[in-house]
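J.:
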Amino acid sequence: SSYTTFSWASSLTINGSANITFPNDADINGSMVLSSPAVLNAPSGNMFVAGSLTLSAGSTFNANGGRLVLDGSFASSTIICGSAVFNRVDISHSSTGIKTIQSDCSLPLGDDPIVTGRVTINGTLSGSGTLTLQSASGSS
Numbered sequence: 060s061s062y063t064t065f066s067w068a069s070s071l072t073i074n075g076s077a078n079i080t081f082p083n084d085a086d087i088n089g090s091m092v093l094s095s096p097a098v099l100n101a102p103s104g105n106m107f108v109a110g111s112l113t114l115s116a117g118s119t120f121n122a123n124g125g126r127l128v129l130d131g132s133f134a135s136s137t138i139i140c141g142s143a144v145f146n147r148v149d150i151s152h153s154s155t156g157i158k159t160i161q162s163d164c165s166l167p168l169g170d171d172p173i174v175t176g177r178v179t180i181n182g183t184l185s186g187s188g189t190l191t192l193q194s195a196s197g198s199s
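Counting in the working numbering, the sequence shown runs from 60 upward without gaps.
1. Can you tell me which of L99, S76, S95 puts its alpha carbon nearest to the alpha carbon of F85?
2. Taking the beta carbon of L127 as the centre, do at least 16 other beta carbons fall within 10 Å, making it buried, or is it exposed?
3. Can you give the Cα-Cα distance for G75 and P96, rounded to whole angstroms?
4. With DSSP as the reference, label F107 as helix, strand or coil.
5. Return the CA-CA distance between S90 and A109, expressed in angstroms with no decimal places.
6. Indicate the three-state DSSP secondary structure (helix, strand or coil) for L166 in the structure shown.
7. Taking just the CA atoms, how far does M106 sit from T179?
8. Would DSSP call N121 helix, strand or coil?
9. Taking the CB atoms as reference points, tell me whether I160 and G182 lie closer together than 7 Å.
10. Going by DSSP in three states, S135 sits in which element: helix, strand or coil?
11. What distance in whole Å lies between the Cβ atoms of S187 and L168, which are believed to be in contact at a cut-off of 8 Å?
12. A77 and L114: beta carbons closer than 7 Å?
13. Is I173 near T191, with beta carbons less than 7 Å apart?
14. Using the C-alpha atoms, what's the distance from T80 back to G104?
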């Protein structure tokens, strides 16, 4: 099947032998878990995840040249990358809570990512770009 839009109102788990391709602007308004051995092909445009994101060891996340936006208003959420490789990651949440990036994450700087809201980065920032930190009101 082919979808032109995808919006999920709560948490989403992709598991088993699933091989899913999301369209541009796919929007998960809760947490998302990709379990082994499932495959997720991200869109070449934007993909939004509002809650925690868990990419389990043994699962496959294909960034497809797109941008992952960690948004939402959850009080706190955790990002577990399972050594996935990302093209671009922006963090833009509207909560006083904290998005925690675990140590198995490597976030690329090459596309000058933007962080809006509170974040704890335990993983690696790599590349030669600039990480821009903004307050929730939009000022740097």
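Note that CB positions come from ideal geometry on N, CA and C, so glycine has one too. Keep in mind that this is a model prediction, so the values were computed, not measured.
T.: On the basis of the data shown:
1. For clarity, residue 85 is Ala in the given sequence; the question names Phe instead. Checking every option, the nearest Cα to that of A85 belongs to L99.
2. buried
3. 6 Å
4. strand
5. 6 Å
6. strand
7. 21 Å
8. strand
9. yes
10. strand
11. 7 Å
12. no
13. yes
14. 12 Å
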